[in-house]
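Residue numbers (the numbering used here): 8 to 201.
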């Protein structure tokens, strides 16, 4: 989906865990055949739920998980300002349309919704493109933890974490071979928690 940067962007608070459902419900209602919604189709440009993708190593298997970056929130893009006290009637109608959607609690700013700045919108929507990039592994390790190596020539060896490099997504490890401590460096997905 192409991100539209024109108009006004608003944050809508919704039930946590229902972000995608509310997004599809709003989009479905906008594309219905009702004449009253034709005007809203031109007004509400986009409904967006920024998604983050993480990679986790569970039971020796790589699991990719996508979830909302901002749980409990949906972004709405409109052509005009939205609100119950908006100067134009379409802004009032859009506000009521969104508020009446099941699962929607309120706009950020409640009765006087506050549009986001373009910098905030760009920062928040950057996470929507994460799926096209390499997912970032979720790190649940700490220095000093004992782990099992699951890849490479030292698989099945037990190691201790000496350091964590988040930027390079690497772990500095120490394994014991023939009674000697040997340094080893592996990616986050190359080990599993004991």
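Yeah, the Cβ is synthetic: ideal placement off N, Cα and C, and Gly gets one too. Just so it is clear, the structure is predicted and the values come from calculations on it, not from any experiment.
What is the DSSP secondary structure of residue i, counted as helix, strand or coil?
| i | result |
| --- | --- |
| residue 53 | strand |
| residue 26 | helix |
| residue 215 | There is simply no residue 215 to check, as the chain begins at 8 and stops at 201 in what is shown. |
| residue 39 | coil |
| residue 180 | strand |
| residue 186 | coil |
| residue 170 | strand |
| residue 194 | strand |
Measure the C-alpha to C-alpha separation of residue i and residue j and round it to an integer number of angstroms.
| i | j | result |
| --- | --- | --- |
| residue 14 | residue 72 | 32 Å |
| residue 57 | residue 120 | 20 Å |
| residue 184 | residue 201 | 19 Å |
| residue 3 | residue 16 | This structure leaves residue 3 out entirely; the chain is present only between 8 and 201. |
| residue 198 | residue 168 | 10 Å |
| residue 25 | residue 110 | 7 Å |
| residue 50 | residue 177 | 47 Å |
| residue 194 | residue 180 | 10 Å |
| residue 152 | residue 182 | 12 Å |
| residue 118 | residue 196 | 47 Å |
| residue 188 | residue 148 | 20 Å |
| residue 101 | residue 62 | 38 Å |
| residue 108 | residue 191 | 54 Å |
| residue 115 | residue 123 | 10 Å |
| residue 113 | residue 103 | 11 Å |
| residue 2 | residue 23 | With the chain covering 8 to 201 only, the question about residue 2 has no answer from this structure. |
| residue 99 | residue 59 | 32 Å |
| residue 45 | residue 30 | 18 Å |
| residue 48 | residue 126 | 26 Å |
| residue 129 | residue 36 | 26 Å |
| residue 93 | residue 27 | 27 Å |
| residue 21 | residue 95 | 25 Å |
| residue 32 | residue 105 | 10 Å |
Report the CB separation of residue i from residue j in whole angstroms; it is logged as a contact under 8 Å.
| i | j | result |
| --- | --- | --- |
| residue 83 | residue 19 | 6 Å |
| residue 166 | residue 154 | 6 Å |
Answer yes if the region 83-98 comes into contact with the region 156-174, meaning at least three C-beta pairs across the two stretches below 8 Å, and no otherwise.
The region 156-174, when compared against the region 83-98, does not touch it at the 8 Å Cβ threshold.
Just list the alpha helix (DSSP H) runs in the region 81-165, keeping only unbroken ones of 4 residues or longer that don't cross its boundaries, in chain order.
You should have 96-106, 125-132.
Quick check: the region 77-85 against the region 157-168, are at least 3 beta-carbon pairs closer than 8 Å?
Here the region 157-168 does not lie against the region 77-85, with fewer than 3 beta-carbon pairs under 8 Å apart.
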